[in-house]
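Reviewing the structure listed below.
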Amino acid sequence: MSTTVMGKSIFAIGAFLTASLYNFAAYKKETPSDVRVHLAVQERTASAEDDRITMLPGLDYDPGFEQFSGYLDVSATRHIFYWYMESQSDPANDPVVLWTNGGPGCSGLLGMGAEHGPFYISKSGRLHDNPYSWNKVANMIYFEQPAGVGFSYCDAAEDYITGDEQAAADNYNFIVEFLQRYPERQTNDFYVSSESYGGHYIPQMTLEILRRDIDHFVNFKGFLLGNPYVDPLSNMVTQFEAYYSHGLIAKPLFDDWSKKCKDSNYWMSRECDQITTNMFKQFGHGINPYALDYPVCKKDAAEYSHLERPVSNPAFKPCSQEFLENYLDREEVRDALHVAPSAKPWDVCGGVRYSKSDVDIPTIGLYQELIDQAKAGKHDLNMLIYSGDDDSICSTAGTQYWLWDLAEASSIWKAWQAQEQTSGFVTTFDLGDKTNATFTFVTVHGAGHEVPSYRPVEALEMFRRFLAHGF
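FYI, in full-length UniProt numbering the residues of the sequence shown are 1 to 471.
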């Protein structure tokens, strides 16, 4: 997530969204039934064929896979936009992986266009092959939730007021609707994945599936989650410690913050807010807090001319998000993607009023619940949390602050490699002998907040190993 997104995300100072309450009783009346029919003939539906993408502006080669985009209704008034890309390997047998970005309220298309999708988008809008796309090994669904984000939209104004509970319910309904539209994928292994505020979305979605999918309509196998936002206090503490350890702020200012804000009941006070604002001012706009050692996008960014041929160790592309925004804002692109005429101009984050009280609640207990269920033999999920160690916003240290208390580690900090180089470290946790579930923590050395943007080679290798239970 770039400094542009930072101004719109939960992590920017003063950017917490307005708190709101939601009438869940009214929602439950319009929720689709939990009773589904397994289609006898596993063929693509007519609705899916209507969503087929037949051309994309800027794509002048055959990508070698089929792709679809459009809307799935999670209620009578909430319409979620998605972009589904079949695997480049074996669509019939490869897993299906659902991806959403964080925020809360940031589009899953950010992951597609600036992280691990099949295309690099150049300044001119030309699409280039990404040799490290995650759909090399999986069927990828990128969706825009909650309803109101990106090209998603609502018919009722009150639907734009939302929070964690509503998002979890809608995300489950989306999965069911997707498998109804693409019944040929009902038997594929199904995973959910995210990053950042996915630290809320993913455990809530996982528990929602386990609770509601009593007939196992979803062949659910687990989750993959990067640099998660889980605990506000430890997240904030380690964020500013990272600034200081990277030499971005002076000791007097850091000492002032340590004395008045760290481990204090006043960390959200007006005085601490001013101190943290001063920290941002001190290191200025030339530093990307989502990737402290990487450059930021400049307005005169050059065309991606080097993308005419694949590279074995691709350089970070600091303007990927900006190029994606420009691309999706074009009318011919909207038409090609079957975007509804009523959908607003695309923006990477925003469009909903998300509950501040939900944002402020730690979700550590949700992970503990999933671990406890696994130990009791209630599920066999493959669960992996990964962390780019150059991120300050949701730092590796912040994740370690709460992770180690969930279960006893069976293997600690074992180095893993990609291209014969140490790529990070792996820790596995002991879940007992009543389950085949796994819980793993993987660091990706030198990666920022959106790991595939900064370390695409390592990210794809990690993804392959996760799907193959190879860690």
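Note that beta-carbon positions come from the ideal geometry of N, C-alpha and C, so glycine has one too. A quick note: this is a predicted structure, and the numbers were derived from the prediction, not measured.
Going by the beta-carbon positions, is the gap between residue i and residue j smaller than 7 Å?
i                 : j                 : result
histidine 200     : aspartate 164     : yes
serine 47         : arginine 181      : yes
aspartate 405     : threonine 443     : no
cysteine 349      : cysteine 106      : yes
phenylalanine 425 : alanine 409       : no
proline 452       : glutamate 115     : yes
proline 95        : asparagine 188    : yes
valine 97         : serine 194        : no
asparagine 219    : phenylalanine 174 : no
threonine 435     : glycine 351       : no
alanine 418       : glutamate 458     : yes
aspartate 380     : alanine 437       : yes
alanine 374       : leucine 467       : no
When DSSP labels each residue in this structure, what does residue i get in the three-state scheme?
i              : result
arginine 36    : With a pLDDT of 44 at arginine 36, under the threshold of 50, the modelled position of that residue is not reliable, and the figure given next carries that caveat. In this structure, arginine 36 counts as coil in the three-state DSSP scheme.
valine 137     : coil
aspartate 347  : coil
tyrosine 454   : helix
tyrosine 22    : At tyrosine 22 the pLDDT is 30, less than 50, meaning the model places this residue with poor confidence; the figure from the coordinates comes in the next sentence. Tyrosine 22: coil per DSSP, three-state reduction.
asparagine 288 : coil
valine 96      : strand
tyrosine 386   : strand
methionine 55  : coil
serine 355     : coil
serine 312     : In this predicted model, serine 312 has a pLDDT of only 46, less than 50, meaning its place in the structure is not dependable enough to derive any value.
lysine 28      : Note on lysine 28: pLDDT 35, under 50, position unreliable in the model; no value is reported.
histidine 216  : coil
tyrosine 153   : strand
glutamine 145  : coil
lysine 127     : Residue identity check: residue 127 is leucine in the sequence provided, not lysine. Strand.
proline 118    : coil
serine 194     : strand
isoleucine 361 : coil
tyrosine 172   : helix
glutamine 88   : coil
valine 426     : strand
methionine 462 : helix
Could you pull the start and end residues of the alpha helix (DSSP H) that residue i belongs to?
i                 : result
tryptophan 402    : 396-403
serine 320        : 320-328
serine 47         : 46-50
isoleucine 412    : That residue, isoleucine 412, is in no alpha helix (DSSP H); its beta strand (DSSP E) goes 409-418.
methionine 279    : 270-283
tyrosine 244      : 232-245
phenylalanine 471 : Phenylalanine 471 -> no alpha helix (DSSP H), and no H or E assigned at all.
residue 474       : Only positions 1 to 471 of the chain appear in the structure, and residue 474 is not among them; the question remains open.
If residue i sits next to residue j, beta carbons under 8 Å apart, how far is it from one beta carbon to the other, in whole angstroms?
i              : j                 : result
glutamine 88   : lysine 136        : 5 Å
histidine 338  : glycine 58        : Not quite, the Cβ-Cβ distance comes to about 17 Å (not below 8 Å), so this is no contact.
tyrosine 244   : glycine 102       : 25 Å between Cβ atoms; not a contact.
tyrosine 172   : isoleucine 209    : 6 Å
tryptophan 346 : phenylalanine 151 : 6 Å
asparagine 326 : glycine 125       : 7 Å
Mind checking which residues open and close the beta strand (DSSP E) that includes residue i?
i                 : result
phenylalanine 441 : 438-444
Any Cβ of chain D within less than 7 Å of the Cβ of residue i?
i           : result
leucine 292 : You won't find chain D in this structure, because it holds only one protein chain.
### Query
How about the stretch 325-335 and the stretch 129-148: do they share at least three Cβ pairs that are nearer than 8 Å?
Because the criterion of three Cβ pairs below 8 Å is not met, the stretch 325-335 and the stretch 129-148 do not touch.
### Query
With contact counted as at least three CB pairs below 8 Å, one residue from each stretch, are the stretch 232-239 and the stretch 383-401 in contact?
yes
### Query
If you pair each beta-carbon of the stretch 107-118 with each one of the stretch 139-150, do three or more pairs fall below 8 Å?
yes
### Message
Can you confirm whether the stretch 374-389 touches the stretch 219-232 when touching is taken to mean that 3 or more C-beta pairs between the two stretches lie within less than 8 Å?
### Response
yes
### Message
Whether or not the stretch 248-263 and the stretch 355-365 are in contact is what I'm after, with contact meaning three or more pairs of Cβ atoms, one per stretch, closer than 8 Å; do they touch?
### Response
Counting Cβ pairs under 8 Å, fewer than three are found: no touch.
### Task
Check whether the stretch 283-297 touches the stretch 74-94, taking contact to mean three or more Cβ pairs, one atom from each stretch, closer than 8 Å.
no
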